[in-house]
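A short write-up of the structure that comes next.
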Amino acid sequence: FVTRHARLRLRPDLFATRENRKCHVFCSLQGRSPGSLTDAFLLPWADHLSYAFPPFPLVHRVLLKLRRDRARLILIAPAWPRQHWYTTLLELSVTTPITLPLWLDLITQEHGRLCHPDLQSLHLTAWLLHG
């Protein structure tokens, strides 16, 4: 979605692999690889508009870091109002979030050969946030 529709200069992609990164500079969850940085939570986030599509269990931690660093971030996260972090997400949002389209290839692995079996249940949304 971001690569198809955004003309923003984002950096870094805070939770990525070389295969799925949306920015040239990225923080890898799979350890160091060429072009990757260290753990995203160890970096200062305030210097750039960053992009993050973290594993869902890390969303609350991402929001806390965003607020602490007073950073700007495009976050891809589920619109799940019953989650304990959802109120914080709404507080940090600076504009109306965008519900991502249910494209078959929206979330893939294995170089596009493996698609998510139930995208609709995720309610993925793009949020522009400011801490």
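Okay, so the sequence shown: first residue is 336 according to the numbering used here, each after it adds one. By construction, the Cβ of each residue, glycine as well, lies at the ideal position given by its N, Cα and C atoms. Keep in mind the model is a prediction, meaning the values are calculated, not measured.
What three-state label does DSSP hand Ala468 in the structure shown? Any answer about residue 468 is impossible in this case: the structure gives the chain only from 336 up to 466.
Here's a check: name, in chain order, each residue in its chain whose Cβ is nearer than 8 Å to the Cβ of Ala387, leaving out the five neighbours to either side. Asp348, Leu349, Phe350, Ala375, Val397, Leu408, Ile409, Leu410 and Ile411
Which stretch, first to last residue, makes up the beta strand (DSSP E) that contains His395? First-last for His395: Val394 to Asp404, but that is the alpha helix (DSSP H), not the beta strand (DSSP E).
Is Leu378 helix, strand or coil when you go by DSSP? coil
In chain order, what residues of the same chain lie with their CB nearer than 7 Å to the CB of Asp404, ignoring the 5 residues before and after it? Pro379, Trp380, Ala381 and Gly466
Own chain residues within Cβ distance below 7 Å of Phe391, not counting five before or after: Pro413
Relative to the alpha-carbon of His383, which residue among Leu401, Leu399, Pro389 and Ala406 has its alpha-carbon at the smallest distance? Ala406
Can you name, in chain order, every residue of its own chain whose Cβ lies under 8 Å from the Cβ of Trp415, other than the five neighbours on each side? Tyr421 and His458
Nearest-angstrom Cα distance between Leu435 and Glu426? 20 Å
Start-to-end residues for the beta strand (DSSP E) that takes in Thr460: Leu459 to His465
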